[in-house]
Each structure stands twice: as structure tokens, then as C-alpha cells.
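Visitor: This is the structure I want to talk about, given as C-alpha cells.
There are 2 protein chains.
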Amino acid sequence: MNIGEAAQASGVSSKMIRYYEQTGLIPKAARRDSGYRDYDDADIHRLRFIRGARDLGFTVEQIGDLLALWSDRERASADVKALALLHVDALKQKQAEIAAMIATLENLARRCHGDSRPDCPIIEGLAESGGGPIAKARPRRFGKVDELRS
Amino acid sequence: MNIGEAAQASGVSSKMIRYYEQTGLIPKAARRDSGYRDYDDADIHRLRFIRGARDLGFTVEQIGDLLALWSDRERASADVKALALLHVDALKQKQAEIAAMIATLENLARRCHGDSRPDCPIIEGLAESGGGPIAKARPRRFGKVDELRS
DNA sequence: CTTGACCTTCCCATGGTTGGAAGCCCCATT
DNA sequence: AATGGGGCTTCCAACCATGGGAAGGTCAAG
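Chains as they are written, first to last, in the numbering used here: chain E, 1 to 150; chain F, 1 to 150.
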């Protein structure tokens with residue numbers, strides 16, 4: 001199977017397949033004489049797994065952990081479950097953050113008369129809301145909540 | 001006011017202040033003879049505004065639009081409200097996506113016995129879930145839902 | 001005048017993904 | 001056999017928002 005067919009079959013783009021290989025998430029693909037990468041059913045299955053995990057908001061790093069558990073037959077499924085539930089916690093926290101943003105914004109919007117007068121509580125409210133000292137070093141561990149594929 | 005003091009007062013790091021200036025989000029700061037940037041209260045207010053909008057999940061690009069409305073006294077507050085509500089819609093959609101992820105994951109986790117047996121429905125379920133053809137070109141317009149400052 | 005904290009500009013890294021260019025390969029049709 | 005178009009290869013760059021750090025200038029206190 002060519003990389004293009006593998007992409008089609010797994011839902012992971014060729015670009016990303018090469019990237020995952022390059023970064024070590026997946027092992028180096030077999031090569032044909034021509035230099036073309038060659039994929040078999042097991043490879044496709046792994047790629048589909050990655051795709052599914054990505055869609056559920058797992059980081060590539062976390063997927064690495066999951067793959068390790070996957071290939072390690074001795075490993076307890078409890079480990080996988082723990083990882084999954086940890087991720088659920090992270091998702092729930094993000095959910096709460098978004099809910100807070102929505103509440104704030106709707107609150108401001110409700111107080112905004114929304115006509116042609118130029119003074120707007122949304123504008124004013126935004127400048128007051130933050131203001132505190134700098135919050136530093138909030139880790140960027142989450143990215144990628146978008147892209148539930150269309 | 002030095003950039004450091006401005007950062008302290010606004011909650012935007014010096015690094016980001018320079019970045020915002022460089023990318024044109026804010027006008028070029030006044031300079032002292034020494035070359036140091038100099039900020040006044042209006043600058044701080046604008047920075048606080050940016051900080052607040054960022055915390056509410058607005059993109060820098062969207063903030064640019066908001067700033068334009070802000071500085072344009074002729075502009076109707078209806079425009080601001082529309083922008084804000086559009087953003088609320090985006091936030092709600094993201095919320096729905098996360099809710100779906102949580103539901104899927106909790107579903108899988110519930111079916112996972114969670115003991116030391118190696119077969120795990122989470123692992124299996126992930127490989128089946130995705131699988132469809134490649135979803136392409138989903139716009140990356142959202143970043144930054146993390147980082148509600150600690 | 002020295003010291004240390006601040007400022008300046010520069011470049012680099014992050015994560016996940018897409019885009020493009022330059023060059024080879026494969027297959028089918030002239 | 002030649003040719004053309006599409007797929008493959010590698011490499012390099014961009015996106016967004018942010019932090020890190022180096023090399024050098026400035027400021028204020030000791």
C-alpha cells in the first residue's frame with residue numbers, strides 16, 4: 001500500500017503520516033525498491049487508532065503513551081483507563097473554562113444596548129476584566145480541541 | 001512608563017507587548033532618547049483590553065477588529081455586540097465538541113473493566129471510531145482556549 | 001565608577017498541520 | 001520507445017501565540 005492509499009484508508013494525511021514517522025510516533029515504514037513507503041493492514045490499524053485518539057483531543061505525546069500500552073500485551077487495561085480518565089478531567093476543565101468565557105461574554109452582551117450609540121459595555125468590560133498581574137508559565141499542553149473532523 | 005511596568009500594570013508580558021507592536025495590533029510605542037519604549041495610561045488601558053479579550057478566547061485578529069471598533073467613535077455598539085455573539089457561537093460549538101469527546105471517552109471507559117486483563121475496549125474503540133476519509137481544510141481559527149490565566 | 005536590574009534587537013523553539021518546490025517513479029496512452 | 005500526468009521522495013517555510021536566551025546598551029543606587 002502506498003502512502004496515499006494508507007492516508008485514504010486511515011483518515012490521516014500523507015503529510016502527517018510522514019511527520020508521525022519522523023517524530024518517532026510510528027516506526028519507520030517499510031520501503032520498496034523505489035524508495036516508496038509500503039504499509040500493511042497493521043499499519044493502517046495503528047493509523048486509524050491515532051486518528052481516533054487525535055479526534056478525542058489526545059496529544060500526540062499522549063498517543064505515544066497509548067501506543068506503548070497497546071503494543072505491550074502485559075500491560076493492564078487499568079493503565080489505559082487511567083490515562084483516558086485523566087484526559088476526561090482535562091477536557092472537563094477546558095469545558096469549564098469555556099463555560100466561564102461564555103457566561104462573561106453573554107453577560108456583557110446582555111448589558112449592551114446594541115444600537116448605534118458608541119459607548120459599549122462589552123468594550124469597557126473587557127478592559128476591566130483582566131488587569132491582574134501576569135500569570136506566567138501556563139503550560140500549553142492541550143492544543144487541538146478544534147478539528148473534530150468536519 | 002517602561003515596558004516592564006506596563007507589563008505589570010496590564011497583565012501582558014513585555015514579550016507580547018513587543019510582539020503586538022511588531023505585528024501592528026498596537027501602534028508603535030513612543031521612544032525615549034535611550035531607545036526605551038514609553039507607555040502612558042491610554043496604552044495601558046488598551047493592553048488591559050487586549051488581555052481581557054485574549055482571556056475570553058478572542059483571536060489576536062479578532063481583537064484587531066475590536067480595537068478598530070473601539071477607536072472608531074462613530075461605530076455602533078451593535079457591531080461590537082455582533083462580534084461578541086459570533087464569538088459566543090464559536091465557543092459554544094467548541095463546547096459541544098468537547099462534550100462529545102467526553103461522552104465518547106466516558107463511554108469507552110465505562111466498558112473497560114479496568115483490571116489487569118490486557119484487552120481494553122478503549123484501545124479497540126479508538127481504532128474504530130475515526131476511520132473515515134480525510135477531513136480537510138478545517139480552519140485553524142480558534143487557538144487559545146487554554147490559558148485562562150491561573 | 002561599578003553593579004545589577006532593566007531595556008534593546010535578534011533568532012530559536014514549541015505543537016500540529018498544511019503548503020510548496022525540486023526531483024524521481026510508475027503506469028497508461030500515444 | 002517516448003511522453004505525460006499523477007504519485008512519491010525530501011527539504012524548507014508558514015501558521016498562531018508565547019517563552020527562552022544571547023549580545024549589547026541604559027539607568028539608578030551604592
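Beta carbons: idealized from backbone N, C-alpha and C, even for Gly.
What's the gap between the Cα of E124 of chain E and the Cα of Y20 of chain F?
Guide: The residue given as residue 124 of chain E occupies position 124 in the first sequence. The residue given as residue 20 of chain F occupies position 20 in the second sequence. When rounded, the distance between both Cα atoms is 20 Å.
Visitor: Could you list which residues in chain F have their beta carbon closer than 9 Å to that of D88 of chain E, in chain order?
Guide: Translated into positions along the first sequence, residue 88 of chain E becomes position 88. Here residue 88 of chain E is Val; the residue named in the question, Asp, does not match the sequence. Correct list: M101, I102, L105, E106, A109.
Visitor: Please report the Cβ distance between K81 of chain E and I98 of chain F, rounded to the nearest whole angstrom; I am assuming they are in contact, meaning their Cβ atoms lie under 8 Å.
Guide: Within the first sequence, numbered from 1, the residue matching residue 81 of chain E stands at position 81. Within the second sequence, numbered from 1, the residue matching residue 98 of chain F stands at position 98. At roughly 20 Å, the Cβ-Cβ gap does not stay under 8 Å, so K81 of chain E and I98 of chain F are not in contact.
Visitor: Are A127 of chain F and H87 of chain E touching if we call contact CB-CB under 8 Å?
Guide: In the second sequence, residue 127 of chain F corresponds to position 127, counting from 1. In the first sequence, residue 87 of chain E corresponds to position 87, counting from 1. Contact: no.
Visitor: Assign T23 of chain E to buried or exposed, taking buried as 16 or more other Cβ atoms, counted over all protein chains shown, within 10 Å of its Cβ.
Guide: As a first step, residue 23 of chain E must be located in the first sequence, where it is residue number 23. Its Cβ having fewer than 16 others within 10 Å, T23 of chain E is exposed.
Visitor: Per DSSP, D38 of chain F forms a beta bridge with which residues?
Guide: The count along the second sequence starts at 1 and reaches residue 38 of chain F at position 38. In the DSSP output, where bridge partners are listed per residue, D38 of chain F has F:A30.
Visitor: Ignore the nearest five residues each way along the sequence and tell me which others in S150 of chain F's own chain have a CB closer than 6 Å to its CB.
Guide: Residue 150 of chain F sits at position 150 when you count from the first residue of the second sequence. Since pLDDT at S150 of chain F reaches only 30, below the 50 mark, its modelled position is unreliable, and the value read off the structure follows with that caveat. Closer than 6 Å at the Cβ level, and outside the excluded window around S150 of chain F, lies no residue.
Visitor: Could you check whether the Cβ of S77 of chain E sits closer than 8 Å to any Cβ belonging to chain F?
Guide: Against the first sequence, residue 77 of chain E aligns to sequence position 77. Yes, its Cβ sits closer than 8 Å to a Cβ of chain F.
Visitor: Using the Cα positions of R18 of chain E and D72 of chain F, report the straight-line distance between them to the nearest angstrom.
Guide: For the purposes of this step, residue 18 of chain E is identified with residue 18 of the first sequence, where counting begins at 1. For the purposes of this step, residue 72 of chain F is identified with residue 72 of the second sequence, where counting begins at 1. Their Cα atoms are separated by approximately 48 Å.
Visitor: Using only CA atoms, which one of F:A84, F:R110, F:L105, F:D65 lies nearest to A103 of chain E?
Guide: Your numbering for residue 103 of chain E matches position 103 in the first sequence. Checked all of F:A84, F:R110, F:L105, F:D65; the closest Cα to A103 of chain E is F:A84.
Visitor: Report yes if the C-beta distance between L69 of chain F and D55 of chain F is below 8 Å; otherwise report no.
Guide: Here residue 69 of chain F refers to the residue found at position 69 when the second sequence is read from its first residue. Here residue 55 of chain F refers to the residue found at position 55 when the second sequence is read from its first residue. Taking 8 Å as the Cβ cut-off, L69 of chain F and D55 of chain F do not qualify as a contacting pair.
Visitor: Just to confirm, is the Cβ distance from L47 of chain F to A76 of chain F under 8 Å?
Guide: The sequence position of residue 47 of chain F within the second sequence is 47, counting from 1. The sequence position of residue 76 of chain F within the second sequence is 76, counting from 1. No, these two residues do not count as a Cβ contact at 8 Å.
Visitor: If contacts are defined as beta-carbon pairs under 8 Å, then R51 of chain E and S10 of chain E qualify, I think. What distance do you get, rounded to the angstrom?
Guide: Your numbering for residue 51 of chain E matches position 51 in the first sequence. Your numbering for residue 10 of chain E matches position 10 in the first sequence. Between S10 of chain E and R51 of chain E the Cβ distance is about 6 Å, and since that is below 8 Å, they are a contact.
Visitor: Between which two residues does the alpha helix (DSSP H) harbouring G64 of chain E extend?
Guide: By 1-based counting over the first sequence, the position of residue 64 of chain E is 64. Its alpha helix (DSSP H) spans residues 60–71.
Visitor: Tell me whether the beta-carbon of I63 of chain E lies closer than 8 Å to the beta-carbon of Y39 of chain E.
Guide: If you number the first sequence from 1, residue 63 of chain E lands on position 63. If you number the first sequence from 1, residue 39 of chain E lands on position 39. No, the Cβ-Cβ distance between I63 of chain E and Y39 of chain E is not below 8 Å.
Visitor: Between the C-alpha atoms of D43 of chain F and S34 of chain F, what's the straight-line distance to the nearest angstrom?
Guide: Here the question's residue 43 of chain F lines up with position 43 in the second sequence. Here the question's residue 34 of chain F lines up with position 34 in the second sequence. Answer to the nearest angstrom: the Cα atoms are 20 Å apart.
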